[in-house]
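There are 2 protein chains.
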Amino acid sequence: MEENNDNIQFQISDELIEKVEHLIDSRKDEDILEFLIEFHYADVAEILEELNVEQATYVIKLLDSEKTSDILVELDDDTREKILQNLSAKEIAEEIEELDTDDAADMISELPDERQEAVISQIIDEEHKAEIEELLAYDENTAGGLMAKELVSVNENWTVTQCVKEMRAQAENVTRVHSIYVVDDNEKLLGRLSLKDLLVANPRAHITSVYIPKVDSVHVNEEAEDVARIMQKYDLEAIPVVDDNYKLLGRITIDDIVDVIKEEAEKDYQLAAGITQGVEADDSIIELTRARLPWLFLGLIGGVGAALIMGDFEHMLKDYAVLFFFTPLIAAMAGNVGVQSSAIIVQGLANDDVRGSVNNRLIKEMLLAALNGIILATFLFLFVWIYKNDIYTALAISVSLVIVIIVAGLIGTFVPLFLDKRGIDPAIATGPFITTSNDIFGILIYFWIAKLILHI
Amino acid sequence: MEENNDNIQFQISDELIEKVEHLIDSRKDEDILEFLIEFHYADVAEILEELNVEQATYVIKLLDSEKTSDILVELDDDTREKILQNLSAKEIAEEIEELDTDDAADMISELPDERQEAVISQIIDEEHKAEIEELLAYDENTAGGLMAKELVSVNENWTVTQCVKEMRAQAENVTRVHSIYVVDDNEKLLGRLSLKDLLVANPRAHITSVYIPKVDSVHVNEEAEDVARIMQKYDLEAIPVVDDNYKLLGRITIDDIVDVIKEEAEKDYQLAAGITQGVEADDSIIELTRARLPWLFLGLIGGVGAALIMGDFEHMLKDYAVLFFFTPLIAAMAGNVGVQSSAIIVQGLANDDVRGSVNNRLIKEMLLAALNGIILATFLFLFVWIYKNDIYTALAISVSLVIVIIVAGLIGTFVPLFLDKRGIDPAIATGPFITTSNDIFGILIYFWIAKLILHI
């Protein structure tokens with residue numbers, strides 16, 4: 001048994017891909033099957049992503065749908081879409097039959113509308129079909145969109161023995177049991193029971209006397225992000241989903257929540273970096289351009305704005321050219337401070353630990369920015385003084401820097417808080433938006449203050 | 001039972017905090033206990049975070065250590081540190097007794113060195129003490145640092161009945177069983193068994209005949225990030241940890257991995273935003289300054305560099321002042337493109353889907369940047385042409401922009417790939433580092449190209 005017991009260290013290699021490609025191209029079906037049987041479906045998915053669509057489709061058609069359904073779920077969206085295009089509605093329906101309802105509904109919802117119906121009509125298991133259709137009706141960003149219908153539930157009036165028997169039958173279809181949910185005759189959720197409790201209980205006892213009458217649940221319309229927050233906070237591995245009348249509708253497990261958390265984090269990160277969400281390094285140049293160009297265009301407008309402002313102060317060029325040399329510095333500092341303060345607020349809001357009044361936040365950020373600004377301005381003052389041997393210019397530039405930093409910090413703090421209050425995702429306030437507006441404000445304030453100090 | 005069955009919707013309110021403060025200040029111990037008993041320990045932790053240290057400590061001393069140990073684990077690091085300072089070594093040891101070994105080791109490792117020993121010596125349960133000491137020896141960023149000693153393992157030679165009996169005893173100490181691990185007489189990991197399998201098996205069968213001889217495991221020195229990646233990829237809810245000889249040492253569960261994923265994402269986000277990792281909106285001004293100032297200082301140096309470059313081209317001021325007006329635009333675009341391309345690479349590396357050669361990446365980014373650059377430069381060309389009525393200046397500025405964008409994209413792509421190859425976290429390449437270097441390169445290239453085109 002030694003050989004089965006390795007630490008997981010799957011690493012895809014060029015040789016491996018070449019070997020698979022060779023086997024496929026020479027149509028050695030037996031060898032392909034024998035070779036791929038060794039791999040976990042998640043590994044096979046990684047291999048398929050490196051092949052071309054024809055090769056990947058060939059493998060999917062060759063393997064048993066029990067394995068291919070799992071592989072399809074693991075594939076990245078683009079590859080899956082392409083492969084599914086090469087499969088008939090009937091073939092897709094066969095994959096769907098093997099999947100849990102949540103994965104099945106997700107896969108169907110990615111198909112073009114007209115194909116969705118064709119695939120659904122080919123599903124033979126009527127119960128599975130009805131459940132998938134139910135799930136398809138929920139918004140994908142809610143508890144309903146995350147949950148699976150697969151769960152183990154028992155009636156409060158059963159005995160432990162009846163329950164174990166029934167549970168065995170139900171558990172056939174449930175990959176991980178976690179909790180057994182206890183319901184009344186109307187399917188209303190009453191409580192839960194762990195497998196451990198069941199193992200320990202007297203077989204003749206009634207469920208009513210052994211179950212835990214306290215169970216956390218979420219409403220089917222609860223937002224996915226909130227479900228993630230709840231499950232994390234209370235360290236839950238599964239949570240039942242109910243309707244207005246506490247009727248048990250489904251169950252969400254922690255692995256789905258891990259995906260929500262990752263997607264949320266990636267979205268915020270991409271917004272901060274000025275990329276429209278959802279692109280990957282491997283997407284096409286057109287897709288990547290579409291994700292990046294709008295944000296760059298925003299930066300272009302900001303830069304043009306800055307140029308126009310500087311044009312307005314052109315009369316200062318003759319005597320104070322050095323002021324113009326520091327405009328990139330001012331713009332950069334305004335941008336950096338804005339990104340820092342907005343990122344802290346966005347992250348605090350995401351973790352639900354930004355409490356207290358907006359005014360207190362702004363006062364704190366003002367003090368913080370002033371402290372940072374004064375330290376930085378002192379260095380800049382000394383540099384400009386030595387560099388240009390002009391104490392007034394040095395003073396004008398460094399005082400401006402302090403004020404620009406304070407304003408940038410306040411904007412960076414206020415905007416995400418304001419957006420959040422208005423129900424808009426505050427993460428869009430980080431990155432190019434804050435940078436661009438702070439560039440313009442920064443340069444405008446800079447020249448105003450300099451003008452004031454230098455009496456021009 | 002109705003009242004226990006609410007959807008989770010705990011929301012902390014000012015009234016709630018005031019009520020708790022009032023109860024504590026008037027020392028109404030019975031009322032405090034009665035009031036707080038209703039709440040989940042994670043909710044009590046949230047409440048304590050809103051109180052002052054004396055009040056929070058009072059509550060911790062008042063409640064039963066079975067509940068307070070869980071509350072302490074949920075508290076944020078700062079609050080926990082302050083409360084633990086107010087507890088004696090013996091009191092902390094009592095909390096530790098109640099905790100699982102992984103949480104216990106984490107809590108002890110946060111204490112000052114001299115207190116660690118004092119607390120450990122006060123732990124009464126010798127086995128618990130030895131296990132915690134074992135865990136404290138592992139690096140916190142490895143599988144050993146994440147794992148708990150609590151798990152259920154059975155010997156391959158036992159019968160199912162023996163196993164159930166033994167399991168019941170062991171399961172007392174294990175919050176969630178997930179899998180039962182099967183070992184030989186030397187504690188070597190052989191396979192696993194699910195509770196479901198155990199429920200279904202013939203009671204007189206031997207474990208050897210019913211267990212699954214294939215089990216994924218990780219080595220105790222595996223990096224935490226890699227463990228997270230493995231558990232996500234293979235959808236594992238728990239994974240056993242082994243040493244070089246496959247001896248079963250402990251177990252990592254998915255809830256610990258959720259924390260690793262979140263921390264990793266927050267770290268990358270903060271690096272991209274130019275904040276030293278680990279600060280929160282609620283930290284003190286001094287802590288926040290320490291986290292933000294170094295990155296701003298980097299920006300300051302970049303800005304001074306840009307100013308020096310512009311000083312070098314001062315002779316162009318007389319005839320081509322407009323060139324200087326567009327330096328913030330050039331710097332901003334160079335920075336934005338650099339952040340975009342580095343963020344895509346960093347995220348790709350984190351998700352392990354950046355494959356293929358560095359050259360191909362660079363060629364792709366060059367094409368992408370050229371496409372973006374040409375589109376943006378066309379707009380800029382038209383604007384400058386109309387604004388200044390000077391086609392050569394317009395041409396100089398827009399051609400420079402294209403080249404600056406291409407170079408910025410290449411730097412943004414190359415640097416994180418280079419750092420990653422060198423084993424350095426590529427996330428530090430996003431944010432201020434890339435912005436600052438791209439600012440300087442951008443402005444330098446901009447003036448060179450302009451000089452070339454305008455024949456100055």
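Chains A and B supply the protein sequences, listed in that same order. Using the working numbering, the letters of the first sequence map in sequence onto residues 1 to 456. Using the working numbering, the letters of the second sequence map in sequence onto residues 1 to 456. Beta carbons are placed, not taken as given, at the ideal position from N, Cα and C, and that holds for glycine.
> Are any of the Cβ atoms in chain A nearer than 7 Å to that of R11 (chain B)?
Replying inline: Per the sequence shown, residue 11 (chain B) should be read as Gln rather than Arg. Answer no: the Cβ-Cβ gap between Q11 (chain B) and chain A never drops below 7 Å.
> Buried or exposed: which applies to T435 (chain A), given that a residue is buried once 16 or more other Cβ atoms fall within 10 Å of its Cβ?
Replying inline: buried
> Any C-beta of chain B sitting closer than 7 Å to the C-beta of M107 (chain A)?
Replying inline: no
> How far does the beta strand (DSSP E) with G305 (chain A) in it reach, from first residue to last?
Replying inline: Per DSSP, G305 (chain A) belongs to no beta strand (DSSP E); it is in the alpha helix (DSSP H), 285-312.
> Going by the CB atoms, is the gap between G145 (chain B) and V472 (chain B) shorter than 7 Å?
Replying inline: An answer regarding residue 472 (chain B) cannot be provided, because it is not within the stretch 1 to 456 covered by chain B.
>> For Y387 (chain B) and A396 (chain B), I'd like the C-alpha separation in whole angstroms.
In response: 14 Å
>> Less than 7 Å between the C-beta atoms of S217 (chain B) and V242 (chain B), yes or no?
In response: yes
> For Q270 (chain A), which residues in chain B fall below 8 Å Cβ to Cβ?
Replying inline: A343, Q347
>> Considering Cα atoms alone, identify which of A:Y246, A:R422, A:I252 is closest to L236 (chain A).
In response: A:I252
> Any idea if A427 (chain B) is buried or exposed, counting beta-carbon neighbours within 10 angstroms, 16 or more meaning buried?
Replying inline: buried
> R290 (chain B) to L329 (chain A), Cα distance in whole Å?
Replying inline: 21 Å
> Shortest alpha-carbon distance to D76 (chain B) belongs to which of A:G348, A:I403, A:F381, A:W448?
Replying inline: A:G348
> Name the residues in the region 273-298 of chain A whose C-beta lies less than 8 Å from a C-beta of chain B; which are they?
Replying inline: A273, G274, I275, V279, E280, A281, D282, I285, L288, T289, R292, L293, W295, L296, F297
> Going along chain A, which residues have a C-beta under 8 Å from R237 (chain B)?
Replying inline: It should be noted that the sequence gives Glu, not Arg, for residue 237 (chain B). Within chain A, the residues near E237 (chain B) are R176, E237, I254, D255.
> Interface residues of chain A around N157 (chain B) at Cβ under 7 Å?
Replying inline: Ordered by position in chain A, no residue passes the 7 Å Cβ test against N157 (chain B), which lies about 15 Å from the chain.
> Where does P112 (chain B) fall in DSSP's three states?
Replying inline: coil
> According to the neighbour-count rule (16 or more other Cβ atoms, all chains shown, within 10 Å of its Cβ), is K90 (chain B) buried or exposed?
Replying inline: exposed
>> With a threshold of 7 Å between beta-carbons, can N359 (chain B) be considered close to chain A, or not?
In response: no
> Should S437 (chain A) go down as buried or exposed, given a rule of 16 or more other Cβ atoms within 10 Å for buried?
Replying inline: buried
>> Rounded to whole angstroms, what is the Cα-Cα separation between Y211 (chain B) and L193 (chain B)?
In response: 5 Å
> When the cut-off is 7 Å and only beta carbons count, does V480 (chain B) lie next to chain A?
Replying inline: An answer regarding residue 480 (chain B) cannot be provided, because it is not within the stretch 1 to 456 covered by chain B.
> In chain A, which residues lie less than 9 Å from M333 (chain B) when you measure between Cβ atoms?
Replying inline: L296, G299, L300, G303
>> So, at 8 Å on beta carbons, what are the nonlocal neighbours of I32 (chain B) in its own chain, with the 5 sequence-adjacent residues on each side left out?
In response: V20, L23, I24, V59, L62
> Among the residues of its own chain, which have a CB less than 7 Å from the CB of F326 (chain A), if the five just before and after it don't count?
Replying inline: I397
> Touch check for the region 329-346 of chain B and the region 408-422 of chain B: three-plus C-beta pairs under 8 Å?
Replying inline: yes
>> For a test of the three-state rule: what should DSSP assign to E2 (chain A), helix, strand or coil?
In response: Any answer about E2 (chain A) is weak, because its pLDDT of 37 lies below 50 and its placement is not dependable; what the coordinates show is given next. Helix, per DSSP.
> Roughly how many angstroms separate the alpha carbons of V182 (chain B) and Y269 (chain B), rounded to a whole number?
Replying inline: 41 Å
>> Distance check for N351 (chain A) and L99 (chain B), CA to CA, integer angstroms please.
In response: 25 Å
>> Residues of the region 31-49 of chain B in Cβ contact with chain A at a cutoff of 7 Å, in chain order, please.
In response: H40, A42
>> If I follow the unbroken alpha helix (DSSP H) through S400 (chain A), where does it start and stop?
In response: 391-421
>> By alpha-carbon positions, which one of A:V260, A:H455, A:P203, A:E134 ends up nearest to C163 (chain A)?
In response: A:P203
> For the region 377-393 of chain A against the region 298-305 of chain B, are there 3 or more C-beta pairs whose distance is under 8 Å?
Replying inline: yes
> Does the Cβ of P432 (chain B) have 16 or more other Cβ atoms within 10 Å, making it buried, or fewer, making it exposed?
Replying inline: buried
> How long is the line joining the alpha carbons of I44 (chain A) and I71 (chain A), rounded to whole angstroms?
Replying inline: Checking the displayed sequence, the identity of residue 44 (chain A) turns out to be Val instead of Ile. Their Cα atoms are separated by approximately 7 Å.
> Residues of chain B with a CB under 7 Å from the CB of M310 (chain A): which are they?
Replying inline: F325
> For I261 (chain B), which residues in chain A fall below 9 Å Cβ to Cβ?
Replying inline: V258, I261, K262, A265
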